[in-house]
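Residue numbers (the numbering used here): 50 to 356.
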């Protein structure tokens with residue numbers, strides 16, 4: 050699948066009806082925050098509004114959004130569907146082993162069935178059984194995929210087992226690029242997609258989190274060989290979700306969806322570098338960001354061929 054399209058023109062999004070910052074995932078997600086002065090009902094309502102606004106903004110740009118409601122009470126992170134499944138241009142869907150038990154309940158076969166009605170789905174590869182062996186790989190949270198050059202970039206963490214990564218890469222024809230990245234307190238970055246975003250012509254990445262200089266140099270060389278302009282992000286920008294962005298294809302050219310929090314953290318020169326390639330579309334999702342994820346986490350890209 051060389052030269053596969055990097056940016057999808059369609060996404061799956063979930064409208065959560067019981068959204069909260071999940072206490073089960075807080076142990077290794079330093080991006081999560083609590084909001085003790087606000088009721089759970091208020092947070093859920095605000096998150097719902099933010100999801101709906103995101104759907105409307107993306108559709109206004111010509112992105113196809115398949116929106117599903119989640120009324121389940123014990124799936125507080127369901128707004129982040131990109132972690133449990135991926136879709137691919139050869140008509141294959143991957144379903145992934147999740148680190149936290151509450152997140153395993155998000156896997157919804159109805160979503161796969163509905164996608165199968167509109168898209169060619171030739172095969173589903175389900176890695177869920179690896180959860181019993183405590184082996185995990187949380188979709189395009191754990192991996193940032195370079196679809197055209199066939200690299201799967203993945204930060205080693207509780208949520209990313211190299212054994213599963215290697216199996217995924219064998220099954221889906223990617224080359225694994227596993228590496229260590231840590232925050233300022235030397236804690237592993239929990240998901241690769243908060244550290245970096247891969248676009249058609251550029252990559253956003255917090256290289257300062259890659260402390261090993263040999264590994265950092267190797268990444269830089271790989272990006273250069275892949276013809277990606279490197280746009281470096283500071284750790285503060287990573288904390289503001291500047292790496293948690295997704296390039297999308299629209300009838301009027303590619304856009305980069307990111308949160309308002311992320312956008313306002315960028316410097317003027319960074320904005321100009323990005324806008325040399327795509328239009329930035331900032332979307333306000335501050336409530337959802339309390340759960341430790343942002344716009345990219347909310348979007349499960351659809352790379353399947355249309356029927």
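By construction, the Cβ of each residue, glycine as well, lies at the ideal position given by its N, Cα and C atoms.
Limits of the alpha helix (DSSP H) - the one that residue 205 falls within: By one-based count along the chain shown, residue 205 stands at place 156. Here residue 205 belongs to no alpha helix (DSSP H), and DSSP marks it neither H nor E.
From 254, 226, 284, pick the residue whose C-alpha is nearest to that of residue 235; which is it? Position 186 of the chain shown holds residue 235. Out of 254, 226, 284, 284 has the C-alpha closest to the C-alpha of residue 235.
Use the C-beta contact count for residue 246: other C-beta atoms within 10 angstroms, 16 or more gives buried, fewer gives exposed. Your numbering for residue 246 matches position 197 in the chain shown. Buried, since its Cβ has 16 or more Cβ neighbours within 10 Å.
Quickly, what does DSSP pair residue 186 with across the bridge? List them, please. Reading the chain shown from its first residue, position 137 is the one you call residue 186. Under DSSP, the beta-bridge partners assigned to residue 186 are 209.
Count the other C-beta atoms from every protein chain shown that fall within 10 angstroms of the C-beta of residue 196, then say buried if there are 16 or more, exposed otherwise. Here residue 196 refers to the residue found at position 147 of the chain shown. The residue in question, residue 196, is buried, as its Cβ has 16 or more Cβ neighbours within 10 Å.
Mind the definition here: the stretch 290–297 touches the stretch 54–65 only if three or more C-beta pairs lie below 8 angstroms; say whether that holds. Result yes; three or more Cβ-Cβ pairs closer than 8 angstroms.
Segment limits, beta strand (DSSP E) that includes residue 303: Stepping through the chain shown from its first residue, residue 303 is reached at position 254. Run containing residue 303: 302–308, per the beta strand (DSSP E) assignment.
Looking only at DSSP bridge pairs, what is residue 332 linked to? Here residue 332 is taken as the residue at index 283 of the chain shown, counted from 1. Note: residue 332 sits in a beta bridge opposite 308.
Cβ shell of residue 211 (< 6 angstroms), same chain only, five flanking positions each side left out: To locate residue 211, count along the chain shown from 1; it is residue 162. The answer, listed in chain order, is 227.
Contact under 7 angstroms by Cβ, residue 129 with residue 288: Translated into the one-based positions of the chain shown, residue 129 becomes position 80. Translated into the one-based positions of the chain shown, residue 288 becomes position 239. No, these two residues do not count as a Cβ contact at 7 angstroms.
With residue 131 and residue 340 assumed to form a contact (beta carbons below 8 angstroms), what rounded beta-carbon distance in angstroms separates them? In the chain shown, residue 131 corresponds to position 82, counting from 1. In the chain shown, residue 340 corresponds to position 291, counting from 1. That pair is no contact at about 13 angstroms.
For residue 162, the first and last residue of its enclosing alpha helix (DSSP H): Position 113 of the chain shown, counting from 1, holds the residue named residue 162. Taken as a continuous stretch (DSSP letters only), the alpha helix (DSSP H) holding residue 162 covers 158–167.
Per the contact definition of three or more C-beta pairs closer than 8 angstroms, is the stretch 164–183 in contact with the stretch 134–143? yes
Among 325, 291, 324, 331, whose alpha-carbon lies nearest the alpha-carbon of residue 315? By one-based count along the chain shown, residue 315 stands at place 266. Among 325, 291, 324, 331, the Cα nearest to that of residue 315 belongs to 291.
Let me make sure I understand the geometry here. Which of 158, 161, 214 has the alpha-carbon closest to that of residue 179? Position 130 of the chain shown holds residue 179. Nearest C-alpha to residue 179: 214.
Based on the DSSP output, what are the partners of residue 228 in its beta bridges? The count along the chain shown starts at 1 and reaches residue 228 at position 179. Residue 228 is bridged to 204.
In chain order, each beta strand (DSSP E) run of at least 3 residues that lies wholly inside the stretch 80–155: 113–119, 134–136, 141–144
Count Cβ pairs between the stretch 270–279 and the stretch 243–261 that sit closer than 8 angstroms; are there 3 or more? Cβ pair count under 8 angstroms is three or more, so yes.
Coil, strand or helix - residue 297 by DSSP: Within the chain shown, residue 297 is the residue found at index 248, counting from 1. If DSSP states are grouped into helix, strand and coil, residue 297 belongs with the strands.
For the stretch 96–116 against the stretch 182–199, are there 3 or more C-beta pairs whose distance is under 8 angstroms? no
Mind checking residue 55: buried by the 16 CB within 10 Å criterion, or exposed? Walking along the chain shown from the start, residue 55 turns up at place 6. Residue burial annotation: residue 55 is buried, with at least 16 other C-beta atoms found within 10 angstroms of its C-beta.
Anyone know if the C-beta pair for residue 238 and residue 204 falls short of 7 angstroms? Counting from 1 along the chain shown, the entry for residue 238 is found at position 189. Counting from 1 along the chain shown, the entry for residue 204 is found at position 155. Cβ atoms of residue 238 and residue 204: closer than 7 angstroms.
Checking 7 angstroms against the spacing of the C-beta atoms, do residue 327 and residue 305 come in under that value? Numbered from its first residue, the chain shown carries residue 327 at position 278. Numbered from its first residue, the chain shown carries residue 305 at position 256. The answer is yes: Cβ separation under 7 angstroms.
Within 10 angstroms of its Cβ, does residue 183 collect 16 or more other Cβ (buried), or is it exposed? Along the chain shown, one-based indexing puts residue 183 at 134. With fewer than 16 other Cβ atoms within 10 Å, it is exposed.
By Cβ distance, which residues of its chain are closer than 7 angstroms to residue 188, with the 5 residues on each side in sequence left out? Taking the first residue of the chain shown as position 1, residue 188 is located at position 139. Excluding residues within five positions, the ones whose Cβ falls inside 7 angstroms are 131, 132, 133, 134, 135, 145.
Where residue 246 sits in the DSSP three-state scheme: Within the chain shown, numbered from 1, the residue matching residue 246 stands at position 197. Strand at residue 246.
Could you please give the first and the last residue of the uninterrupted beta strand (DSSP E) stretch that includes residue 193? On the chain shown, position 144 is the one that residue 193 refers to. Start and end: 192–195.
How big is the Cα-Cα spacing for residue 199 and residue 174? On the chain shown, residue 199 is found 150 positions in, with the first residue counted as 1. On the chain shown, residue 174 is found 125 positions in, with the first residue counted as 1. If I take the Cα positions, the gap works out to 18 angstroms.
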